Amino acid sequence: MKAALRPGDAAFANVEKVNAELFTLTYGAVVRQLLTDHEDVDDVNKQLDSMGYNIGIRLIDEFLAKSNSAKCADFRETADVIAKVGFKMFLGVSPTVANWSPDGKECSLLMDDNPLVDFVELPDTCQGLSYCSILCGVLRGALEMISMRTEVRIVKDMLKGDDVYEIRMRLIETVPEELPYKDDE
Amino acid sequence: MIVCVGVVGQANNPLFIQSYTEGDDALKFHHVVHCALDVIEEKATPKKGGTGYNETYLGLLYPTEDYKVYGYVSNTRVKFIMVSDDLDAKEADVRGFFKRFHAAYVDAALNPFHVPGKRLASPTFAARVNGIVNGFGKSTA
Amino acid sequence: MLGVARGRAHLVNVVDRPLPKGKTEVNLSAFAFLFSELVQYFQTKVNNVNELERKLEEAGYGVGLRVLELLCHREKANRRETRLLGILTFIHSTVWKALFGKQADSLEKATTEEDEYMISEKELLVNRFISVPKDMGQFNCGAYVAGIVKGVLDSAGFPARVTAHFVPIEGQLRPRTTILIKFSPEVMLREQRMG
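Protein chains in written order, with my numbering: chain A, 1139 to 1323; chain B, 757 to 897; chain C, 163 to 357.
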């Protein structure tokens, strides 16, 4: 018997897809280009993060339109939807949410694989590079569009020998939502 | 036993050479690999009226008194060379070896940090090749 | 070895990891967002459309080199391509299928020039989600794909000049994209010699 489709699986099944290698190799080309143009790897990390941010603020619309997710009540629910539906819908992988802080404002997304890192091996000269920092920017950008100001960073990186990829998300504040009809009426 | 393996780039520039003998044979094997390139050049050059399909596996390039030298060339004109002191190696084993050697190379070449045509500096690649070399002739998989 | 599932690799040999089989996919939008960031990034670095296309072409070139390594090992088993038509067919079918999920719409030889070939696509993937502002004229994101094709050809030993162009089709609102391949004289000479 087939198990019922989970929301993330359904969302991923319904979007148009492209070969992951084209995506992976293109991301590699982006990182290569940034490394050529910037002397400091920290600048590359920042540039990747800011590209991610630009993506995040646009990607949220597609997510809301296609995911059929109900409005999240709090950060805890939001993190859950990001992991189960968001990541799945765009990258085809589902991280687990873990390591909650007691106040419920900080948590981690854990994954042991993601399509950005296929074939990647960091050379000694690039140990300071946070290869996946684009993901941090995407999360920060997308969350900002739904009124959550966050700080997102990578704390564990398998490319640097860790046993898992860990993205740490911290909710700084929830910006009160402005009612959409306020401007017009 | 495999005593030396090499990967050589399009411009006949060595990308990776590793010997597996006790002695200091680096110079000797550089020479062996160098000679192998001439034979590969000869074997891999398209012939007039040829069908246009050529096997990647070139087989035995030349035997020396102590060794047999085998070759393989990819579509990207990267040459793979293997030197064995086992004078009766089974062809299937040699073919299998090159397939795995090539696969390891492809993974390393896809690394966004590898500069095509430059030396393969990846420790993972070296470790994988070691594993493949050690497994040569032992498994049937 | 090829064809062995990733998870089983440890049974064979810890370091002898198989190549991924290429069946995995990501959301097209994920690629579209990323590609559009790449284009925007380049825009801050160039002075005109021509330079922008060169930049995209260079980025694609590195991808093309890697694509050939990957596909030859996975798809071509143990054959090498040494003829011009063979490598063109390989790009038109195998490379296109792997990257864009389908064969290219057409592969033609130019009627006027002996050394020119064209691969055309009604709606090239990279042009589907990018709308080019009017002031950028004939800018074609297909330059990225042209770069990929150039990378594949160069690496296989068929150096060529490769460019992307919009070509209007009668009765259609949107032009198609043609990847124009002009082979180097040495390639044409070698072909002639092989008869």
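Where a beta carbon is used, it is the ideal one built from N, C-alpha and C, also for glycine.
These numbers come from a predicted model, not from an experiment.
Can you give the beta carbon distance from residue i to residue j, rounded, assuming they're within the 8 Å contact cut?
i, j, result
"C:A322", "C:K296", "About 32 Å; that fails the 8 Å criterion."
"C:L269", "B:N831", "Not quite, the Cβ-Cβ distance comes to about 19 Å (not below 8 Å), so this is no contact."
"C:G299", "C:V208", "C:G299 to C:V208, Cβ: 14 Å. No contact."
"B:Y776", "B:V759", "6 Å"
"A:L1273", "C:A192", "A:L1273 to C:A192, Cβ: 11 Å. No contact."
"C:V214", "C:F204", "According to the sequence provided, residue 214 of chain C is Leu. The question's Val does not apply to it. So it is a contact: roughly 6 Å between Cβ atoms."
"A:L1254", "A:T1162", "7 Å"
"A:E1244", "A:M1307", "7 Å"
"A:Y1303", "A:N1252", "6 Å"
Let me see if you follow: with CB-CB separation under 8 Å, is residue i close to chain B or not?
i, result
"C:H235", "yes"
"A:G1190", "no"
"C:L227", "yes"
"A:G1266", "no"
"C:E348", "no"
"A:E1323", "The predicted position of A:E1323 is uncertain, since its pLDDT is 44 and thus under 50; a value taken from the coordinates is nonetheless stated next. No, because no Cβ of chain B sits closer than 8 Å to the Cβ of A:E1323."
"C:L230", "yes"
What are the boundary residues of the beta strand (DSSP E) that includes residue i?
i, result
"B:Q774", "770 to 775"
"A:M1307", "1303 to 1312"
"C:V288", "First-last for C:V288: 287 to 290, but that is the alpha helix (DSSP H), not the beta strand (DSSP E)."
"A:V1235", "1234 to 1236"
"B:F836", "835 to 840"
Measure from the C-beta of residue i to each C-beta in chain A and report whether the shortest distance is under 8 Å.
i, result
"C:G162", "Examination of residue 162 of chain C is not possible in this model, given that chain C is present from 163 through 357 alone."
"C:T186", "yes"
"C:A308", "no"
"B:G808", "At B:G808 the pLDDT is 48, less than 50, meaning the model places this residue with poor confidence and gives no usable figure here."
"B:T880", "yes"
What residue range is occupied by the uninterrupted alpha helix (DSSP H) comprising residue i?
i, result
"C:R352", "347 to 356"
"A:M1227", "1225 to 1229"
"A:A1280", "1271 to 1283"
"A:I1198", "1179 to 1205"
"A:R1291", "First-last for A:R1291: 1286 to 1294, but that is the beta strand (DSSP E), not the alpha helix (DSSP H)."
"B:G815", "Unbroken run through B:G815 is the beta strand (DSSP E), 813 to 819; no alpha helix (DSSP H)."
"C:K259", "258 to 262"
"C:I249", "246 to 252"
Residue i by DSSP, collapsed to three states: which one?
i, result
"A:E1159", "helix"
"C:C303", "coil"
"C:G226", "helix"
"B:P879", "helix"
"B:H787", "helix"
"B:A767", "coil"
"B:N867", "coil"
"C:T274", "coil"
"B:S830", "coil"
"C:N209", "coil"
"A:H1176", "coil"
"C:M298", "helix"
"C:E219", "helix"
"B:G808", "Note that B:G808 scores a pLDDT of 48, beneath 50, so its modelled location is shaky; the value from the coordinates is reported in the next line. Coil, per DSSP."
"C:S198", "helix"
"A:N1152", "helix"
"A:G1166", "helix"
"C:T186", "coil"
"A:V1258", "coil"
"C:A398", "Absent from the model: residue 398 of chain C. The displayed extent of chain C is 163 to 357, so no value can be given."
"A:L1267", "coil"
"C:L164", "Bear in mind that a pLDDT of 33 at C:L164, under 50, signals an unreliable position, so the model cannot answer this."
"C:A328", "Ala is not the amino acid found at residue 328 of chain C; the sequence shown has Phe there. Looking at C:F328 - three-state DSSP - the assignment turns out to be strand."
"A:C1210", "coil"
"B:G762", "strand"
"C:P337", "coil"
Of all Cβ atoms in chain C, is any one closer than 8 Å to the Cβ of residue i?
i, result
"B:L866", "yes"
"A:F1225", "no"
"B:R875", "no"
"B:P872", "yes"
"A:I1198", "no"
"A:V1293", "no"
"A:I1193", "yes"
"A:L1273", "no"
Under 8 Å Cβ-Cβ, which residues of chain D neighbour residue i?
i, result
"A:V1169", "Looking for chain D here will not work: the only protein chains present are A, B and C."
Would you say the beta carbon of residue i comes nearer than 7 Å to a heavy atom of the ligand SAH?
i, result
"A:K1209", "The model depicted lacks the ligand SAH and carries no ligand whatsoever."
Check each residue of the region 190 to 220 of chain C: if its Cβ is closer than 9 Å to any Cβ of chain A, include it; give the result in chain order. The region 190 to 220 of chain C vs chain A, Cβ under 9 Å: L190, S191, A192, F193, A194, F195, L196, F197, S198, E199, L200, Q202, Y203, F204, K207, K217, E220.
Members of the region 765 to 787 of chain B that neighbour chain A once the beta carbon cut-off is set at 8 Å: Answer set for the region 765 to 787 of chain B: empty.
Output, in sequence order along the chain, the residues in the region 1244 to 1264 of chain A whose CB is closer than 9 Å to any CB in chain B. Taking 9 Å as the Cβ-Cβ cut-off against chain B, the residues of the region 1244 to 1264 of chain A that qualify are D1256, F1257, V1258, E1259, L1260, P1261, D1262, T1263, C1264.
Residues of the region 245 to 279 of chain C with Cβ closer than 7 Å to any Cβ of chain A, in chain order: Against chain A - using a Cβ distance shorter than 7 Å - the residues of the region 245 to 279 of chain C are A260, L261, G263.
Chain A contacts made by the region 840 to 853 of chain B, where a contact means CB separation under 8 Å: Within the region 840 to 853 of chain B, no residue has a Cβ that lies closer than 8 Å to any Cβ of chain A.
Using a Cβ-Cβ cutoff of 9 Å, what residues of the region 1210 to 1224 of chain A are near chain C? List them in chain order. Within the region 1210 to 1224 of chain A, no residue qualifies.
Positions along the region 1140 to 1167 of chain A whose CB lies within less than 8 Å of some CB in chain C: Listed by position, the residues of the region 1140 to 1167 of chain A near chain C (Cβ gap below 8 Å) are F1150, V1153, E1154, K1155, V1156, N1157, A1158, E1159, L1160, F1161, L1163, T1164, Y1165, G1166, A1167.
Check distances from the C-beta atoms of the region 293 to 321 of chain C to those of chain B and list, in chain order, the residues that come in under 7 Å. Residues passing the 7 Å Cβ filter: S317, A318, G319.
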